[in-house]
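Everything in the sequence shown is counted per the working numbering, starting at 596 for the first residue and increasing by one.
From the three backbone atoms N, C-alpha and C, an ideal C-beta is built for every residue, glycine too.
Since we're looking at a predicted model, the values are computed, not measured.
All remarks here apply to the structure that follows.
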Amino acid sequence: MSGFIDSWTNSFLPDREALWNETLVAQRVPIKVRRDPRDSFCDPATMIERMDEIGMSTLVLPTCDLPNHAGITDYESFAMRLGETETIAKEFPGRFVGQWSIDPRQGARGVDHAREIASQPWIVALHTHTHSFDLPFDAAEYYPYYALAHELDLPFVMQAGTSGGRFPSACGQPIGIDRPAIYFPEVDFLLSHTGWPWVEEAIAMALKFSNVYLGTAALPPKRWHAALVDFVRGPGRKKTIFGTSFPTVGHRHAIAQLEALELPADTVTDLMGKNARRVFTRIESLD
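As structure tokens, then:
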């Protein structure tokens, strides 16, 4: 198996490991990060070696500015900085790409900034860490960014479902994508993190709309809801996109568990890369 794409990899650089450990303690979150030295934080060259070993073609990295107020519980601290993503995207073309993580509260200023950042070919999507802002997907603050995604022919990636941290969760309910998907039919929306605990609601959105996809980041395959497994095997074969939300899930760890599901080979091809290439269309030009 090869040509895999991870649709959501948080910063894997070694300096983020201590931050992850601190925030999990501070928020009393019962989540473990990967401790296996073959599947944890590392430098970019080492990550490329690992990717080659397991058939991983591309990591899509949430990338954003670091606000002055950012602390150990703020998502921005765990995403890539723009300069970090730019450096490795240029050093390893097509292997590392960015998705620009927007702050919907910034209005026109944020839209202009996102447009400038997205002019870089290695930015392949717009992105939001939903729970940082406690705004549902159909909140007015998001619509200028959806319009920008339409203008630039970029997908929009968001965390759907509950939050792993101590943030309000209702904003991540998948039904919130209903109106945006209607108003922006040419924008592909990726509901990441499976939508749990509203998995069936997320599946309903992916079935209803040709431009809504379901992402698996943050949950290893053995923890996938039974409805998700059935969806992947059936009508969701071409609507589901693999992700890890590394370091929440390690790449080797996820692939080993995926093999245990014994999915048909063509389903694995779609899930692990082909569907992502249809959505993150800029990746093809970077390979």
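Pick out whichever of the options has its Cα sitting closest to the Cα of residue i.
i, options, result
"H820", "F804, N806, A797, S840", "A797"
"H745", "E617, H788, V706", "V706"
"R832", "S727, P699, G810", "G810"
"D660", "E648, G678, T653, M646", "G678"
"F784", "S805, N605, W793, E795", "S805"
"P763", "A709, Y670, D729", "D729"
"I836", "G790, E857, P842, A855", "G790"
"V844", "G759, A776, T725, E857", "G759"
"R611", "A822, M675, P859, E711", "M675"
"G868", "P639, R690, F673, N605", "R690"
"R847", "E617, E648, G702, H726", "E648"
"P639", "A860, Q694, T680", "T680"
"K817", "W717, I850, E795, P792", "I850"
"E795", "K803, L823, S727", "L823"
"Y738", "A801, P699, K834", "P699"
"Q701", "E617, W717, P662", "P662"
"P769", "T876, P842, L786", "L786"
"L866", "P842, K834, E854", "K834"
"V874", "Y740, P750, E736", "P750"
"A898", "R774, D631, Q715", "The displayed coordinates of the chain run from 596 to 882. Any statement about residue 898 would go beyond what the structure contains."
"P883", "Q694, R828, M646", "Residue 883 lies beyond the range of the chain shown here (596 to 882); nothing can be said about it."
"D825", "I643, T862, D631", "T862"
"E736", "R704, M642, Q694", "R704"
"T864", "S652, I643, L747, E781", "S652"
"G838", "P632, H788, E854", "H788"
"T876", "E781, M646, D748", "D748"
Would you kindly check if the distance between the Cβ of residue j and the Cβ of residue i is under 8 Å?
i, j, result
"I683", "L721", "no"
"F636", "L614", "no"
"S840", "A812", "yes"
"N605", "F673", "yes"
"P815", "Q852", "yes"
"A709", "L743", "yes"
"G756", "P731", "no"
"P657", "W717", "no"
"G771", "H726", "no"
"Y741", "F779", "yes"
"G650", "S597", "yes"
Using three-state DSSP, classify residue i as helix, strand or coil.
i, result
"Q701", "helix"
"Q852", "helix"
"W615", "helix"
"T680", "helix"
"P639", "helix"
"L661", "coil"
"D601", "strand"
"S672", "helix"
"T862", "helix"
"G759", "coil"
"S652", "strand"
"V874", "helix"
"G868", "helix"
"V844", "coil"
"S883", "This structure cannot settle anything about residue 883, because the visible part of the chain is limited to 596 through 882."
Say whether chain D places a C-beta atom closer than 8 Å to the C-beta of residue i.
i, result
"G678", "Structure shown: chain D not included; a single protein chain is present."
Report, in whole angstroms, the separation of the C-beta atoms of residue i and residue j, which I expect to be a contact under 8 Å.
i, j, result
"I878", "V719", "6 Å"
"I600", "A765", "Their Cβ separation, rounded to whole angstroms, is 30 Å, which puts I600 and A765 out of contact at 8 Å."
"V883", "L881", "Examination of residue 883 is not possible in this model, given that the chain is present from 596 through 882 alone."
"Y670", "H724", "4 Å"
"P830", "L802", "6 Å"
Can you tell me whether residue i sits near the ligand ZN, meaning its C-beta is under 7 Å from at least one heavy atom of the ligand?
i, result
"T876", "Summarising the ligand content, the structure contains no ligands, and the ligand ZN is consequently not present."
* Please specify which runs of the alpha helix (DSSP H), each continuous and at least 4 residues long, are wholly inside the stretch 762-831, giving them in chain order. => Counting only runs that start and end inside the stretch 762-831, the alpha helix (DSSP H) elements of at least 4 residues fall at 773-778, 794-803, 821-828.
*Uninterrupted beta strand (DSSP E) stretches inside the stretch 710-741 (no shorter than 3 residues)*: The stretch 710-741 contains these whole beta strand (DSSP E) runs: 718-723.
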